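Report on one structure; see the data block that follows.
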Ligand SMILES: Cc1ncc(C[n+]2csc(CCOP(=O)(O)OP(=O)(O)O)c2C)c(N)n1
Ligand SMILES: [Mg+2]
C-alpha cells in the first residue's frame, strides 16, 4: 500500500512538474511600490542567508522570476513582523506528495535574527526594470513577426 | 615490461599492415603521432611487419578470446540478410554501443551492401540508454522507428529505463539484442527479452534465420501499430554468423491500422457538415501524414481546432488560421482525434490493452491501466470545447480513419455548405489571429520579468533565441517544462516535429539523447535541433555530446544551468521545512556545486564547439547567433548559460 502510494506520488510529481515549471509566467509583473516599513536586520548577512535557506529556489535570485516572484507584488513582505509571521505560519503537516509549496520555517529552524536579516536583504530588491516590449529587440521582433502572420 | 613493449610494437605493426589495403578510407588513426610517423622511413626498413603470433593475438585480446575460426568460408552470413531486411524497411539509422553478441550483425551493417553503412547508417552510442533514447527522439520527430542494438543481458539492462520511457510515451523503437551462448555466460540468458517484457510491446527470439527475418519485419509492424511502442528481437550469434547461401528476405507486408467503419465515417462527416460551429480537437497523431490529413479535414469543413503541438509532436499546426478558439466558442459538434470530443472521439487502443499479455509477472507499473488514452505521461490533446463532456471514445486509429471521413465529407458537401465553410474559415482566421496577438502581448509582458537580471532568466533564453530561428526549419527536442515552457506562448509550433514533448515517464537523462536522435532526423533534412538543456539531465550520459559531434548533427545546446537537480532541491527543502528542520541542508545531494561543472569545457572535451558560462544577459544574443551559425554550418554547438533556477 505504502509502495503503491509512493509510486503514484512520484508519478504525480512528474506530472505536476509540468505545471510548476512555468510558475506564474503568464501573469504580468505587478508594479506595486516597495514597502517603506522599518527594517532592522543586516542586509549583507541576509544575502548569504537568502541563498543558504534556499529562498532563491522559488523566488529567483532577484525575487523576479520562478514559481513565486515577489518584487512588485510584496504582499506578505509589507512589514518585517508580517514576514516573520508568514514564515512561521506555513504548512507543517507531513506531505504525502512531493511539493514545492513554501515550507514552514519555525523559530527553531530559522531564528528571528536570521529572518530579519533576510527581510533586510529582500527589501533591497528592486525591479531590474524590464524594457518595454518595443524597446527590447528580441521581444519586439517576436511581436512584429506574429502580427505579420495574418 | 620488455615483453609488453614488444607486443605493442607487434600490434601496431599488425594494425599498419592491416590498414594498408584500406588506407584511402581512413580519416583518423587512433594515434595521430603514429599517423604522422607512418610517412617517415621507419627504422629497420619498410618491409611489411610480420604477422602476429597466436600468443600475441591472445595477449592483445586479454581474456576475450577471438571467435573460433569458421570451418567453412562464410560467403553470405545470416546477418547480411538481417541488414537487408532492415534496409528494405527504410530504417535510416542504427544506434549501438558495441558488444560481441552482435558483432556479426555490426560487421554486416558497416560492410554489407553497396554502399555499405547507408540505410541504415551506424551511429556510435556511448551508453545503451542513450542509444534507445536517441531512437525515441528520432521516432518522435519522424513518426517512424530507427533501430538500436543491445548487447546480451547487460546492454539490455543499461537500456531499460529508456525502453520504459518509450513504452510509456507510446513511441515506436525497434531493438535487436544479441545472444551469444558460447561466450561470456553472464551475457546470456534463456529468456533475454524477459527482463523488459513488461514494458515492451512485443518480443521474439527466433530459432531459424527465416524466422529471424520475419521477426524483424513483425517487430517493425508491431512497433508502428497502436498502441505503438518498443519491440525487441533477440538474435543468437549463430543466426548472425552462419552461412545462408539460399535464404531470402521474406516479402514484407505492411500492417493494417484499425479504422472506424463506413457508417461511422458517414455519421461524423454529416455531424461536421451539419454543425453551425464544428470543432476538431487534435491530440498526438502517429505520423506527419496524419497531421496533413487533419489539416485537410479542418480546412474542408471550416472547423476551428485545438492542438497538442505544444505538448508533443504530430499534432495540428499551432498557428494555422483555424487553430485557436475560433470566432465562437460554443461548439455544437466536436470531433476528437486522439483527443476527447463531445460528439465523437476517435482514440487508438490504450497501453492498458496489452498489459495482460506483456506484464505477466505483474509488475503493475502505475498510471497505465486507467483511461482510454493510455493514461499517465501527459499524452493527448485538450479542448473538446469548454467544459464539454466527452463522447465515449471509438477505439480506432484516428490517423488511418481520417481518409474515410474526408471522403465522406467530399461526397456529402453541397455547394451551399462549401460557401458557408469558406466564410466561416475566414472569420475563424481573423478571430484566431486576434486571440493570438492578445495572448502574445500578455505573454511578452509576463515573460520579460527579470529580463535584465543576472543570472539569466529562462524566458530570456527562449525570447532571444526565437527571432534567430523563426525562419529556419527547427525542432525543439528537449522537454521545456523545467525551463519555463516559454516556447508554448512565444514560439510557433507549426511542424509535426516542432516540439517533441516530455520524457515519456518523467525519467531524467532523456533530453540530451532525445535531441541527438532528433538531430539524426534533422541532419538529412536541413533542419536544426534546439536543445535547451538542464544540467542534471545532461549528466546522466553526457557522452551523447560526442555522438552529436562525431556524426556532425545540427544541434544547438543552450544550457539551462541552475547548478542543481533543482526540482528535487525544492522538494527536499519543503520536506525539511514541514518537519521543522529548515532548509540549510537541502542542498546536500540535490545541488551541483563545489565544484561547479564547466559545460563549455565538457563539450570541448567531447570535441564540440562551445562557449560560456554566460551570466550577463546582454551577452546572450550574440552567443546564440554564433551558435545558430555554427549549427547551420553543420557543427553542433553548446552555450553554457547560468540561469535563474526556474
Ligand atoms: C532517472 C531519474 N532519476 C531521478 C529522477 C528524479 N528527478 C526528478 S527532477 C530531477 C532534477 C533534474 O535536474 P535538472 O535536469 O537539472 O532540472 P532542474 O530541475 O534543475 O531544472 C530529478 C533528479 C528522475 N526523474 N529520473
Ligand atoms: Mg538543473
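Protein chains in written order, with the numbering used here: chain A, 28 to 177; chain B, 330 to 975.
Ideal placement from N, C-alpha and C gives every residue a C-beta, glycine not left out.
If you're wondering where the values come from, they're calculated on a predicted model, not measured in any experiment.
Contact test: residue i Cβ vs ligand 1 heavy atom, cutoff 7 Å
i                      : result
residue 891 of chain B : yes
residue 835 of chain B : yes
residue 895 of chain B : yes
residue 811 of chain B : yes
residue 87 of chain A  : no
residue 490 of chain B : yes
residue 936 of chain B : no
residue 619 of chain B : no
residue 838 of chain B : yes
residue 866 of chain B : yes
Cut-off 6 Å between Cβ atoms - residues of its own chain near residue i, not counting five sequence neighbours on either side
i                      : result
residue 538 of chain B : 407, 568, 573 and 576
residue 50 of chain A  : Caution applies to residue 50 of chain A, whose pLDDT of 41 falls short of 50 and renders its modelled position unreliable; the model cannot decide the point.
residue 641 of chain B : 613 and 830
residue 942 of chain B : 969 and 971
residue 78 of chain A  : none
residue 850 of chain B : 467, 470 and 471
residue 606 of chain B : 657, 660 and 661
residue 144 of chain A : 68, 69, 72, 73 and 76
Spatial neighbours of residue i in its chain, beta-carbon cut-off 8 Å, leaving aside the 5 residues before and after
i                      : result
residue 62 of chain A  : 101, 104, 105, 106 and 150
residue 778 of chain B : 786 and 788
residue 602 of chain B : 630, 738, 741, 742 and 746
residue 506 of chain B : 430, 431, 478, 479, 480, 481, 484, 485, 521, 522, 561, 562, 563 and 564
Ligand 2 heavy atom lying under 7 Å from the CB of residue i
i                      : result
residue 863 of chain B : yes
Nonlocal neighbours in the same chain, by C-beta distance under 7 Å from residue i, ignoring five residues either side
i                      : result
residue 36 of chain A  : Here residue 36 of chain A scores only 36 on pLDDT, less than 50, and its place in the model should not be relied on; the value that follows carries that caveat. Cβ within range, chain order: 123, 124 and 125.
residue 525 of chain B : 485, 489, 492 and 561
residue 312 of chain B : This structure leaves residue 312 of chain B out entirely; chain B is present only between 330 and 975.
residue 113 of chain A : 103
residue 735 of chain B : 622, 625, 626 and 629
residue 170 of chain A : 160
Distance cut-off 7 Å: residue i Cβ against heavy atoms of ligand 4
i                      : result
residue 826 of chain B : Among the ligands present in this structure, namely ligand 1 and ligand 2, ligand 4 is not found.
Exercise for review: Taking a Cβ distance cut-off of 7 Å, strictly less, list which residues of the stretch 57 to 82 of chain A are near chain B, in chain order.
Suggested key: 79, 80 and 81
Review point. Got a sec: which bits of the stretch 782 to 795 of chain B sit with their beta carbon under 9 Å from any beta carbon on chain A, in order along the chain?
Key: 782, 783, 784, 786, 787, 788, 789, 792, 793, 794 and 795
**Study point:** contact_flag[the stretch 673 to 693 of chain B, the stretch 618 to 638 of chain B] where n(CB pairs < 8 Å) is 3 or more
**Key:** no
Exercise for review: Output, in sequence order along the chain, the residues in the stretch 116 to 127 of chain A whose CB is closer than 9 Å to any CB in chain B.
Suggested key: 117, 118, 119, 120, 121, 122, 125, 126 and 127
Point to revise | Cβ contact check for the stretch 475 to 494 of chain B and the stretch 446 to 461 of chain B: 3 or more pairs under 8 Å | key: yes
Review point. Going along the stretch 870 to 899 of chain B in order, which residues come within less than 8 Å of chain A, judged by CB to CB distance?
Key: 895, 896, 898 and 899
Point to revise | Within 7 Å of chain B by C-beta, residues of the stretch 135 to 159 of chain A in sequence order | key: 135, 136, 137, 155, 156, 157 and 158
Exercise for review: Report the residues of the stretch 901 to 933 of chain B with a CB closer than 8 Å to any CB of chain A, ordered along the chain.
Suggested key: 902, 903, 904, 905, 906, 907, 908, 909, 910, 911, 912, 913, 915 and 916
Exercise for review: May I ask you to list, following chain order, the residues of the stretch 794 to 812 of chain B that have a beta carbon less than 8 Å from some beta carbon of chain A?
Suggested key: 795, 796, 799, 809, 810, 811 and 812
Practice item. With 9 Å as the limit, tell me which residues of the stretch 667 to 701 of chain B have their beta carbon closer than that to any beta carbon of chain A; keep them in chain order. Key: 693, 694, 695 and 696
**Study point:** Contact the stretch 869 to 879 of chain B vs the stretch 901 to 914 of chain B: 3+ CB pairs below 8 Å
**Key:** no
Exercise for review: Select from the stretch 445 to 462 of chain B all residues with a C-beta closer than 7 Å to any C-beta belonging to chain A, and list them in chain order.
Suggested key: none
Practice item. Taking 8 Å as the threshold, find out whether the stretch 956 to 967 of chain B comes into contact with the stretch 924 to 943 of chain B through three or more Cβ pairs. Key: yes
Review point. Can you list the alpha helix (DSSP H) stretches of 4 or more residues lying completely in the stretch 597 to 655 of chain B, in chain order?
Key: 617 to 630
**Study point:** Positions along the stretch 86 to 104 of chain A whose CB lies within less than 7 Å of some CB in chain B
**Key:** 87, 88, 89, 91, 92, 93, 94 and 96
Exercise for review: Closer than 7 Å, Cβ to Cβ, to anything on chain A: give me those residues from the stretch 586 to 607 of chain B, in chain order.
Suggested key: none
Review point. Using 8 Å as the threshold, is the stretch 922 to 935 of chain B in touch with the stretch 955 to 963 of chain B, meaning 3 or more CB pairs across them?
Key: no
**Study point:** Every unbroken beta strand (DSSP E) inside the stretch 877 to 952 of chain B [3 residues or more]
**Key:** 884 to 889 and 938 to 943
Check your understanding: Counting pairs of Cβ atoms below 8 Å between the stretch 889 to 899 of chain B and the stretch 858 to 873 of chain B, do you hit three or more?
Key -> yes
Practice item. May I ask you to list, following chain order, the residues of the stretch 640 to 656 of chain B that have a beta carbon less than 7 Å from some beta carbon of chain A? Key: 648
Review point. Considering only residues of the stretch 780 to 822 of chain B, which uninterrupted alpha helix (DSSP H) runs meet the minimum length of 4 residues and lie entirely inside it, listed in chain order?
Key: 787 to 798 and 816 to 819
Check your understanding: So, do the stretch 723 to 739 of chain B and the stretch 583 to 602 of chain B have three or more beta carbon pairs nearer to each other than 8 Å?
Key -> yes
Check your understanding: Going along the stretch 766 to 778 of chain B in order, which residues come within less than 8 Å of chain A, judged by CB to CB distance?
Key -> 766, 769, 770, 771, 772, 773, 774, 775, 776, 777 and 778
Point to revise | Near-chain A residues of the stretch 814 to 825 of chain B (beta-carbon distance less than 9 Å), N- to C-terminal order | key: 814, 815, 817, 818, 819, 820 and 821
**Study point:** Sufficient close CB pairs (3 or more, under 8 Å) joining the stretch 769 to 777 of chain B to the stretch 439 to 446 of chain B
**Key:** no
Check your understanding: Along the chain, which unbroken stretches of the beta strand (DSSP E) at least 3 residues long are found entirely within the stretch 519 to 546 of chain B?
Key -> 531 to 533
Review point. Contact between the stretch 753 to 760 of chain B and the stretch 645 to 655 of chain B: three or more CB pairs below 8 Å?
Key: yes
Point to revise | Near-chain A residues of the stretch 930 to 958 of chain B (beta-carbon distance less than 8 Å), N- to C-terminal order | key: 950
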